[in-house]
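Each residue of the sequence shown is one higher than the one before, counting from 97 in my numbering. Input: a single structure, listed below in structure tokens.
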Amino acid sequence: MSEIEREAMEYDVVIVGAGPAGLSAAIRLKQLDADLNVVVLEKGSEVGAHILSGAVLDPCGLDKLMPDWKEKGAPLNVPVREDNFYMLGEAGEVRIPNFPMPPLMNNHGNYIVSMGNVCRWMAEQAEELGVEIFPGMACSELVYGDKGEIKGVVAGVFGLEADGSYGPGTEPGMELHGKYVFLSEGVRGSLSKEVIERYGLSDGKEPQKFGVGMKEIWEIDPAKHKEGTVTHTMGWPLGSNAGGGSFVYHLDNNQVYVGFVVHLNYKNPHLFPYMEFQRFKHHPMIADLLKGGKRVAYGARAISEGGYQSMPQMVAPGVALLGCSVGMVNVPRIKGNHNAMLSGIAAAEAAERAIKAGRASDELHDYEDEVRKGEIGKDLKKVRNVKPLWSKFGLTASLTLGGFDMWFQTLTGGFSLFGSLKHGKTDAAATEPASVHKPIDYPKPDGVLSFDRLTNVSFSFTNHEESQPPHLQLADTSVPIGNNLPMYDEPAQRYCPAGVYEVVEKEGKKEFVVNFQNCVHCKTCDIKDPAQNITWACPQGGEGPNYPNM
Numbered sequence: 097m098s099e100i101e102r103e104a105m106e107y108d109v110v111i112v113g114a115g116p117a118g119l120s121a122a123i124r125l126k127q128l129d130a131d132l133n134v135v136v137l138e139k140g141s142e143v144g145a146h147i148l149s150g151a152v153l154d155p156c157g158l159d160k161l162m163p164d165w166k167e168k169g170a171p172l173n174v175p176v177r178e179d180n181f182y183m184l185g186e187a188g189e190v191r192i193p194n195f196p197m198p199p200l201m202n203n204h205g206n207y208i209v210s211m212g213n214v215c216r217w218m219a220e221q222a223e224e225l226g227v228e229i230f231p232g233m234a235c236s237e238l239v240y241g242d243k244g245e246i247k248g249v250v251a252g253v254f255g256l257e258a259d260g261s262y263g264p265g266t267e268p269g270m271e272l273h274g275k276y277v278f279l280s281e282g283v284r285g286s287l288s289k290e291v292i293e294r295y296g297l298s299d300g301k302e303p304q305k306f307g308v309g310m311k312e313i314w315e316i317d318p319a320k321h322k323e324g325t326v327t328h329t330m331g332w333p334l335g336s337n338a339g340g341g342s343f344v345y346h347l348d349n350n351q352v353y354v355g356f357v358v359h360l361n362y363k364n365p366h367l368f369p370y371m372e373f374q375r376f377k378h379h380p381m382i383a384d385l386l387k388g389g390k391r392v393a394y395g396a397r398a399i400s401e402g403g404y405q406s407m408p409q410m411v412a413p414g415v416a417l418l419g420c421s422v423g424m425v426n427v428p429r430i431k432g433n434h435n436a437m438l439s440g441i442a443a444a445e446a447a448e449r450a451i452k453a454g455r456a457s458d459e460l461h462d463y464e465d466e467v468r469k470g471e472i473g474k475d476l477k478k479v480r481n482v483k484p485l486w487s488k489f490g491l492t493a494s495l496t497l498g499g500f501d502m503w504f505q506t507l508t509g510g511f512s513l514f515g516s517l518k519h520g521k522t523d524a525a526a527t528e529p530a531s532v533h534k535p536i537d538y539p540k541p542d543g544v545l546s547f548d549r550l551t552n553v554s555f556s557f558t559n560h561e562e563s564q565p566p567h568l569q570l571a572d573t574s575v576p577i578g579n580n581l582p583m584y585d586e587p588a589q590r591y592c593p594a595g596v597y598e599v600v601e602k603e604g605k606k607e608f609v610v611n612f613q614n615c616v617h618c619k620t621c622d623i624k625d626p627a628q629n630i631t632w633a634c635p636q637g638g639e640g641p642n643y644p645n646m
């Protein structure tokens, strides 16, 4: 696209993504130097539109960023009052006592929040400091300098022809240049993926691991609502088929977040993560909670699970990767927002020092050092073996060994008898041929507690202009039917939680259909496709899910 002429705007720091990491970086930069020119570009129609709300937030990142966040009216209104852990069987459950849990698993002092609303509030704080925030501005390309450094991004391209070419109605967008570019796109962001590959940032690291998290917001019977209650479960319905578990968070206004995570290193291509989620809601404990209520929103998002040993190098010339662009989720805690905020603060402080010293477009090694050796590294290092233990030995053994390892590291200041275990295969490579696994029979959704995918997708309020180029791109269009169907029973039909991919028969021939309009931007296809034939690219700005302001 180098032949396209665009206007350019110059900034000190260009930030891609208005999530907790990007907004924390923007706020911290302006706190340090009010004269810095900082811009945040957000692909969602508004800040928070692409944030799958519903989390338990450790406020340590917010405490460091804005110690007076309570006085400023941050939407952290529901402190955790009760913490429950259950092992589920098909017909019942066993409560796991809290006292054997390592201290880091305690949710005392944390808050049940809508991260969408937290980010909307953070954006207001950033704008009051003078940060420019542009929602609906998808960043489609990186801009490289003469020495191979990253000097900016292309944002705001609209109206491409269906084949991806520029037509008479195309708006070519703008180049936004910065002394430094921060990529805070979340999990498996398209620009971050390009940077990691181009500069070999994952060389020598363990492969990143992922899960797919699906979530519904329910309004339930007030008599059953227990504001501030946090419940996590493991076991049924996944059993030995896959790792994962659930969470149920009671926020205010008689609402609960009901979520289900499936680790994407599962072997059986017949597994249907979305239907596992729907089946889970029929467990007696969950069904009793939800009966008489109504689901008001749905969404899905990939989760980075590789942890400490999978974090790539975070800096390259002119660019820094923040938050889940690196992978900073503490898997047993199911928390990453606090680390995302801390990473944004660290990146901002490193960039401000560099700019003050007259530097630009180099590598912010101070930022990486702080992440690996500071609060984030300490948080993730203690739990680095939980995921590989689960993957290698299964749920029961991982609970025992992982719990022991976390306790031992707590007592020894981070030393582990296991060292740092390896993950081995990528999630795509973990998929085995369909012929060595039995199909799984899933009950039909009843339309009361469980729902078909397309009905649920309508509750994500997702939208894509049908005439634009598909943002889900096949490297080889023959692979789905020629390779994935005979070998793996084309798992894209099942691993996608939005019903994007179908195998249909037309005139006696099988065809692979990509309904990209349904996409909720979870990126699961980019991760799990066994042939690594699908690439998720950023669609034009403002498109995708529009999660409700709750």
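Beta carbons are placed, not taken as given, at the ideal position from N, Cα and C, and that holds for glycine. This structure is a prediction, so every number in the text was calculated from the model and none was measured.
Between residue i and residue j, what straight-line distance do the alpha-carbon atoms span, to the nearest angstrom?
i	j	result
residue 194	residue 182	10 Å
residue 150	residue 642	14 Å
residue 222	residue 416	20 Å
residue 288	residue 317	43 Å
residue 355	residue 431	13 Å
residue 384	residue 172	28 Å
residue 98	residue 378	Reliability fails at residue 98, whose pLDDT of 48 lies under 50, so the model's placement of it is uncertain and the value that follows must be treated cautiously. Their backbone Cα atoms lie some 54 Å apart in a straight line.
residue 606	residue 456	53 Å
residue 325	residue 208	9 Å
residue 352	residue 413	44 Å
residue 581	residue 587	8 Å
residue 339	residue 330	9 Å
residue 121	residue 532	48 Å
residue 474	residue 543	45 Å
residue 345	residue 313	10 Å
residue 363	residue 527	4 Å
residue 229	residue 516	40 Å
residue 158	residue 567	34 Å
residue 632	residue 611	13 Å
residue 462	residue 167	32 Å
residue 268	residue 253	5 Å
Under 8 Å by Cβ, that's how I've got residue i and residue j pegged, so tell me the actual separation to the nearest angstrom.
i	j	result
residue 398	residue 306	5 Å
residue 614	residue 558	7 Å
residue 123	residue 197	Contact doesn't hold; Cβ gap of about 33 Å is too wide.
residue 499	residue 486	About 12 Å separates the two Cβ atoms, so there is no contact after all.
residue 134	residue 227	5 Å
residue 548	residue 541	5 Å
residue 400	residue 304	6 Å
residue 301	residue 406	6 Å
residue 251	residue 233	5 Å
residue 650	residue 292	Nothing about residue 650 can be reported from this structure: the residues present for the chain run from 97 to 646 only.
Can you say whether residue i is buried or exposed, counting buried as having 16 or more other CB atoms within 10 angstroms of its CB?
i	result
residue 452	exposed
residue 210	buried
residue 472	buried
residue 163	exposed
residue 126	buried
residue 441	buried
residue 371	buried
residue 191	exposed
residue 507	exposed
residue 140	buried
residue 342	buried
residue 187	exposed
residue 511	exposed
residue 482	buried
residue 100	exposed
residue 148	buried
residue 349	exposed
residue 447	buried
residue 294	exposed
residue 496	exposed
Where DSSP assigns a beta bridge to residue i, which residues make up the other side?
i	result
residue 231	138
residue 273	106 and 248
residue 175	207
residue 307	359 and 399
residue 600	607
residue 431	426
residue 254	267
residue 152	208
residue 444	Note: residue 444 sits in no beta bridge, so no partner.
residue 238	249
residue 416	278 and 411
(request) Would you list, in sequence order, the uninterrupted beta strand (DSSP E) runs of no fewer than 3 residues that lie entirely inside the stretch 333 to 399? (result) Listed in chain order, the complete beta strand (DSSP E) runs (minimum 3 residues) inside the stretch 333 to 399 are 340 to 346 and 351 to 359.
(message) Quick check on the DSSP output: what are the complete beta strand (DSSP E) runs of length 3 or more inside the stretch 533 to 576, in order along the chain?
(response) 568 to 570
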